[in-house]
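Going down the list, the sequences are from chains P and L. Going by my numbering, the first residue of the first sequence is number 465, and it counts up by one from there. Going by my numbering, the first residue of the second sequence is number 465, and it counts up by one from there. No residue lacks a Cβ here, since even glycine has one placed at the ideal position from N, Cα and C.
Protein chains: 2
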Amino acid sequence: MSLSLPAGFRTAGMHCGIKKDPAIFDLALFVSDRPASLAGVFTQNKVFGSPVAVSRERVPRGTGRACLINSGNSNACTGQRGIEDARWMTAETAKLLDCPPEDVVVCSTGVIGRFLPREPLASGIPAAFEKLGDSPESFENAARAMMTTDTFAKQAVREIELNGKLVRISAAAKGAAMIGPNMATMLGIIMTDAELSAADTDALLRHAVDRSFNCISVEGHTSTSDTVFLFANGAAENGPLDDDSRLTMQTALDEVAAELAQAIIRDAEGAKHFITIDVCGARNRGEAFRIAKEIANSALVKTAITGADPNWGRIISAAGYAGVELKDSDMSLVLNGVEIYQAGAPAEFDTVSLSRSIKENRDVSIQLQLSHGNADVRFWTSDLTEEYVRLNSEYTT
Amino acid sequence: MSLSLPAGFRTAGMHCGIKKDPAIFDLALFVSDRPASLAGVFTQNKVFGSPVAVSRERVPRGTGRACLINSGNSNACTGQRGIEDARWMTAETAKLLDCPPEDVVVCSTGVIGRFLPREPLASGIPAAFEKLGDSPESFENAARAMMTTDTFAKQAVREIELNGKLVRISAAAKGAAMIGPNMATMLGIIMTDAELSAADTDALLRHAVDRSFNCISVEGHTSTSDTVFLFANGAAENGPLDDDSRLTMQTALDEVAAELAQAIIRDAEGAKHFITIDVCGARNRGEAFRIAKEIANSALVKTAITGADPNWGRIISAAGYAGVELKDSDMSLVLNGVEIYQAGAPAEFDTVSLSRSIKENRDVSIQLQLSHGNADVRFWTSDLTEEYVRLNSEYTT
């Protein structure tokens, strides 16, 4: 399946001058040629960027035409001037599209606390408009223009049939650090030509985000700028959803979102391992989630994986401080398919060969089985390497 | 003031054979020559070591004679056999002291999930008993025998007058990683010859721990073994406390506990900076604490300090996800005495000279001023270095 766009969408990505290096893109534009149903999910950080403030106001209208994204500056912690800059970005875009500014949403990602420079955007926004196209190259350019410390563009597409009509979903995301549950410096934009009510668009997006972008962490630091949008422009003319077609749509959306979320973790700064954490047998999804998140965010668990050390004590003890009522005998632990802890007691296993399996495989699986109930959660994270520390002590200033 | 013991206490530290290197101590014994008032505070991890289980049962009796501590093995996640091993350790000690086993409490620190070897302890406990002494050397030996990855012994002493009598407080602690609020792999033992009721002993200890060991973190991973004891044996014959003498005692205890807590952070694995975080002007202590803790545990804040980068965006955004109701305009931030963020907007400051002040000083001060109320918290943490990652990816196995 080629990385193409759904019917009725055009995108562009280019360098406008927010970043210094002219070879690096910093401005992305995503446009639907007709009003689309629009839903958005935003960071839960109480400190949030101006684009989040502006977009959050607009999403409840349930409709939109375009999303403008700049990288290189997050326009966060910039006060009233930041809000005015974000509104101005949408107004400049709306003029070109001949639509109200409220039909345009906006994201910014990059350094916190610097005022956005308007000059490069004043010429960049019309230039991006001129470059809009529906080719795979236009889509990739837009995905690349969202990137900050990402090393590759993150795109995912699906084709499904709804009521006999071909429906496409195409999505892009960025993110490589400041990644914590409840969204992080990650931006995602999902476009579909499906015909969806505003209520369906919102419900479908929330379900997908809860099982993807909210189930990843790099270091657990929730960003000020996290945003995921879903645009559904109806060009596929699939008619109203019934229960079956809604499930088909949800499944495809969940897959697209999970693919992008995993791509973010695969690109996590300095990471040598991609870690999948399955917490099974919990009383409810919330408890499973809290345990998975504590394991994922523990620097001691991460460094154990970095060192190819099947140190289950660090994993079990992280589960123990997740705020979930449990005893050590409620837990069993399987690491890369090998049981290393069984119902509260160390299991016999070959440490050397298990350590080798961690060392030789980028992908690591941690499965924590609880004896409490039937709820499961899958969570993705990265290990913590000297390279992560080096990157994050050298970034900025 | 020399690092000596209060009246009526004797201690010993030695190598018994749990650790391989015969030059490294692994067994500490702290004894009061008469029954002492005893209080204890333990890890809040739901997964806790057998010594925690055994000691936690005994502390409510309010009295004790001795504490036995081994390093090199935490006797955690070792099931019923672990409980029996911990009880056996107290029984062996009690035989020598001619007291009931319930008068002996026990701690173990080291690797999780290995059964405790009884042989070295069977000969080691009587040998430690023989070595008991009241000299500064005996005290230092005991403090050294608690250490795991610590690079120096942590001791603190105070002398005060209560009702005209000289009262001494002498304390030892260990800890260098797996340090998170609600106690971590840190052990502390505080001895005083003050005469204190069991209720006073408990209340005084909890107050001191809340403002010291519960206000530090290295990586925020709550350990399975954290324990702090306070023994008060009354040898100073100071009589009952009144409000004034209780305050004198509390202040001295708070100081001793804070001095040890800070020593743990000064010894944090791989750390290049000792960071003091003051959150002021919060609605209440709980909110100030949550904000301080999130700032302290953010890998992005820590690596910014490692890189001498006055990156206030990382600090302000960590405050934003602490679960406290706030707006960015409620916050101002002072780093090493320089205001860098004022009521929601970047302040003008000399980045180069502030960066130099971080680079050239081991001690860093982060002061976050809120506009909510009058509650303050002081919290201590370390930065995150490549060395920390190296140490923790190479430890164990």
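message: Suppose contacts are defined by Cβ-Cβ distances below 8 Å. Is A845 of chain P in contact with V743 of chain P by that definition?
response: For the purposes of this step, residue 845 of chain P is taken as residue 381 along the first sequence, with counting starting at 1. For the purposes of this step, residue 743 of chain P is taken as residue 279 along the first sequence, with counting starting at 1. First, the residue type needs correcting, since residue 845 of chain P is Thr and not Ala in the sequence shown. Not a contact, by the Cβ cut-off of 8 Å.
Sufficient close CB pairs (3 or more, under 8 Å) joining the segment 748-755 of chain P to the segment 833-851 of chain P: A contact exists between the segment 748-755 of chain P and the segment 833-851 of chain P.
task: Go to P600 of chain P, then tell me how far its alpha helix (DSSP H) extends in each direction, as first and last residue.
output: Sequence index remark: in the first sequence, residue 600 of chain P carries index 136 (1-based). According to the DSSP assignment, P600 of chain P belongs to the alpha helix (DSSP H) that extends over 600-609.
query: Apart from the five residues just before and just after D497 of chain L, which ones in its own chain have a Cβ nearer than 6 Å to its Cβ?
result: Reading the second sequence from its first residue, position 33 is the one you call residue 497 of chain L. Once the five neighbours on either side are set aside, the close Cβ partners of D497 of chain L are G472.
task: Would you list the one or two residues that DSSP bridges to L626 of chain L?
output: As a working mapping, residue 626 of chain L is identified with position 162 in the second sequence. L626 of chain L is bridged to L:K629.
field: Near-chain L residues of the segment 659-690 of chain P - C-beta to any C-beta below 8 Å
entry: Hits within the stretch, in order: E683, G684, H685, T686, S687, T688.
- prompt: In its own chain, which residues sit with a C-beta less than 6 Å from the C-beta of N856 of chain L, not counting the 5 before and 5 after it?
  reply: In the second sequence, residue 856 of chain L corresponds to position 392, counting from 1. Excluding positions up to five away in sequence, the list is empty.
Cβ contact (3+ pairs, closer than 8 Å) linking the segment 707-724 of chain L and the segment 649-656 of chain L: yes
- prompt: At a Cβ threshold of 8 Å, is L834 of chain L touching chain P?
  reply: If you number the second sequence from 1, residue 834 of chain L lands on position 370. L834 of chain L does not count as touching chain P.
task: Within the same chain, show all residues whose beta-carbon is closer than 8 Å to that of Y785 of chain P, passing over the 5 residues directly before and after it, in chain order.
output: Here the question's residue 785 of chain P lines up with position 321 in the first sequence. Closer than 8 Å at Cβ, skipping near neighbours: E758.
task: Determine, using beta carbons only, whether L669 of chain L and L705 of chain L come nearer to each other than 8 Å.
output: Counted from its first residue, the second sequence places residue 669 of chain L at position 205. Counted from its first residue, the second sequence places residue 705 of chain L at position 241. No, the pair does not count as a contact, with Cβ atoms beyond the cut-off.
- request: At 7 Å on the CB atoms, spell out the chain P contacts of V853 of chain L, in chain order.
  value: As a position in the second sequence, residue 853 of chain L is number 389, starting the count at 1. Correct list: T767, T770, L848, T849, E850, V853.
message: Counting only Cβ-Cβ distances shorter than 8 Å, please list the residues of the segment 508-529 of chain P near chain L, keeping chain order.
response: Q508, N509, K510, V511, F512
- request: Determine the contact status of D847 of chain P and T770 of chain P, defining contact as a CB-CB distance below 8 Å.
  value: Here residue 847 of chain P corresponds to residue number 383 of the first sequence, with the count starting at 1. Here residue 770 of chain P corresponds to residue number 306 of the first sequence, with the count starting at 1. Contact flag set, yes.
message: In whole angstroms, give me the CA-to-CA distance for G477 of chain P and V828 of chain L.
response: Along the first sequence, one-based indexing puts residue 477 of chain P at 13. Along the second sequence, one-based indexing puts residue 828 of chain L at 364. One C-alpha to the other measures close to 42 Å.
message: Distance cutoff 8 Å, beta carbons only. Does P810 of chain P sit that close to anything in chain L?
response: Walking along the first sequence from the start, residue 810 of chain P turns up at place 346. With 8 Å as the cut-off, P810 of chain P counts as an interface residue toward chain L.
message: So, with DSSP's three-state summary, where would you put S587 of chain P?
response: Sequence index remark: in the first sequence, residue 587 of chain P carries index 123 (1-based). S587 of chain P falls in the helix class under three-state DSSP.
query: Between L797 of chain P and D840 of chain P, what straight-line distance do the alpha-carbon atoms span, to the nearest angstrom?
result: Along the first sequence, read from residue 1 onward, the residue named residue 797 of chain P stands at position 333. Along the first sequence, read from residue 1 onward, the residue named residue 840 of chain P stands at position 376. Their backbone Cα atoms lie some 14 Å apart in a straight line.
query: What is the C-beta distance between P515 of chain P and A550 of chain P, in whole angstroms, given that I count them as a contact (C-beta under 8 Å)?
result: Numbered from 1 along the first sequence, position 51 holds the residue referred to as residue 515 of chain P. Numbered from 1 along the first sequence, position 86 holds the residue referred to as residue 550 of chain P. Contact holds; Cβ gap of about 5 Å.
- request: Can you grab the Cα-Cα spacing for the pair H433 of chain P / K638 of chain P, in whole Å?
  value: Because chain P here runs from 465 to 861, residue 433 of chain P falls outside it and cannot be looked at.
- request: Check distances from the C-beta atoms of the segment 732-758 of chain L to those of chain P and list, in chain order, the residues that come in under 8 Å.
  value: none
task: Please say whether D731 of chain L and T573 of chain L have beta carbons closer to each other than 8 Å?
output: Residue mapping note: residue 573 of chain L aligns to position 109 of the second sequence, counting from 1. Residue mapping note: residue 731 of chain L aligns to position 267 of the second sequence, counting from 1. Contact: no.
message: On the criterion of 16 or more Cβ atoms from any shown chain inside 10 Å, does A838 of chain P qualify as buried, or is it exposed?
response: Mapped onto the first sequence, residue 838 of chain P falls at position 374. For the sequence presented, residue 838 of chain P should be read as Asn rather than Ala. Looking at its Cβ environment, which holds fewer than 16 other Cβ atoms inside 10 Å, N838 of chain P is exposed.
- prompt: Tell me the DSSP bridge mates of E556 of chain L?
  reply: Here the question's residue 556 of chain L lines up with position 92 in the second sequence. E556 of chain L pairs with nothing; no bridge assigned.
Chain L contact residues for I576 of chain P, given Cβ-Cβ distances below 7 Å: The residue you call residue 576 of chain P lines up with position 112 of the first sequence. The contacting residues are G777, S781.
message: Do I589 of chain L and N455 of chain L have their beta-carbon atoms positioned less than 8 Å apart in this structure?
response: As shown, chain L starts at 465 and ends at 861. That puts residue 455 of chain L outside it, with no answer to give.
- prompt: If you check the beta carbons only, do C541 of chain L and I780 of chain P fall under 8 Å apart?
  reply: Mapped onto the second sequence, residue 541 of chain L falls at position 77. Mapped onto the first sequence, residue 780 of chain P falls at position 316. In this structure, the beta-carbon distance from C541 of chain L to I780 of chain P falls below 8 Å.
query: Using a C-beta cutoff of 8 Å, does R842 of chain P count as contacting chain L?
result: Translated into the one-based positions of the first sequence, residue 842 of chain P becomes position 378. It does not; no Cβ of chain L falls within 8 Å.
Simplified DSSP state of F473 of chain P, which is helix, strand or coil: Counted from its first residue, the first sequence places residue 473 of chain P at position 9. Looking at F473 of chain P - three-state DSSP - the assignment turns out to be strand.
query: Measuring CB to CB, does A662 of chain L end up less than 8 Å from S535 of chain L?
result: Position 198 of the second sequence, counting from 1, holds the residue named residue 662 of chain L. Position 71 of the second sequence, counting from 1, holds the residue named residue 535 of chain L. No, the pair does not count as a contact, with Cβ atoms beyond the cut-off.
field: Boundaries (first-last residue) of the beta strand (DSSP E) holding E803 of chain L
entry: The residue you call residue 803 of chain L lines up with position 339 of the second sequence. Run containing E803 of chain L: 802-806, per the beta strand (DSSP E) assignment.
- prompt: Count the other CB atoms within 10 Å of the CB of K791 of chain P; is the residue buried (16 or more) or exposed (fewer)?
  reply: One-based indexing of the first sequence puts residue 791 of chain P at position 327. K791 of chain P should be labelled exposed.
message: On the criterion of 16 or more Cβ atoms from any shown chain inside 10 Å, does V816 of chain P qualify as buried, or is it exposed?
response: Mapped onto the first sequence, residue 816 of chain P falls at position 352. By the neighbour-count rule (16 or more Cβ atoms within 10 Å), V816 of chain P is not buried but exposed.
- prompt: Rounded to a whole number of angstroms, what is the C-alpha to C-alpha distance between M610 of chain L and R622 of chain L?
  reply: Sequence index remark: in the second sequence, residue 610 of chain L carries index 146 (1-based). Sequence index remark: in the second sequence, residue 622 of chain L carries index 158 (1-based). Their backbone Cα atoms lie some 21 Å apart in a straight line.
- request: Compute the Euclidean distance between the alpha carbons of L491 of chain P and R608 of chain L, then round it to the nearest angstrom.
  value: Working through the first sequence from its first residue, we reach residue 491 of chain P at position 27. Working through the second sequence from its first residue, we reach residue 608 of chain L at position 144. In a straight line, the C-alpha of L491 of chain P is about 59 Å away from that of R608 of chain L.
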